[in-house]
């Protein structure tokens with residue numbers, strides 16, 4: 001399949017077909033048939049830490065790490081639990097520009113991380 005005809009994307013000398021599943025890497029060569037190799041496993045889906053958001057007072061200039069995997073015992077912030085429970089998932093690091101009270105997502109399905117967007121009201125987990 002050619003790049004023009006089928007949607008190959010370059011990845012530093014390797015190519016991945018756009019519609020191929022995550023974790024599969026096709027290596028093309030002029031001298032042999034394409035080979036398939038496994039990439040790193042896709043990240044596991046997050047676990048809902050809570051059904052409701054967490055009210056938090058953020059301080060301007062302070063660095064925060066919001067738990068994106070849902071396994072932290074220090075919700076809504078990261079305690080490093082993702083290293084064992086969800087390898088491949090990293091916390092979302094952020095630094096607010098002003099002091100403010102916010103609602104940080106607890107269901108881990110927000111479209112505006114780390115802030116709650118009301119997604120938890122849309123029903124059960126997918």
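Numbering (the UniProt record's numbering), first residue to last: 1 to 126.
In this text, a Cβ means the ideal position worked out from N, Cα and C, and glycines have one as well.
Rounded to whole angstroms, the gap between the alpha carbons of residue 61 and residue 101 is 14 Å. Residue 85 sits away from residue 105, with the two beta carbons spaced by 8 Å or more. From the listed residues 49, 115, 90, 50, the smallest Cα separation to residue 42 is found for 90. When 95, 98, 46, 96 are compared, the shortest CA-CA separation from residue 67 is found for 46. The C-beta of residue 76 has 16 or more other C-beta atoms within 10 Å across all chains shown, which makes the residue buried.
When 82, 109, 122 are compared, the shortest CA-CA separation from residue 65 is found for 82. Taking C-beta separations shorter than 8 Å and ignoring five residues to either side along the sequence, the partners of residue 92 in its chain run 65, 66, 68, 113, 114, following chain order.
Going by C-alpha positions, residue 59 is about 14 Å away from residue 103.
63 is the residue among 79, 55, 63 whose C-alpha sits nearest the C-alpha of residue 95. Assignment of beta-bridge partners to residue 98 by DSSP yields no partner.
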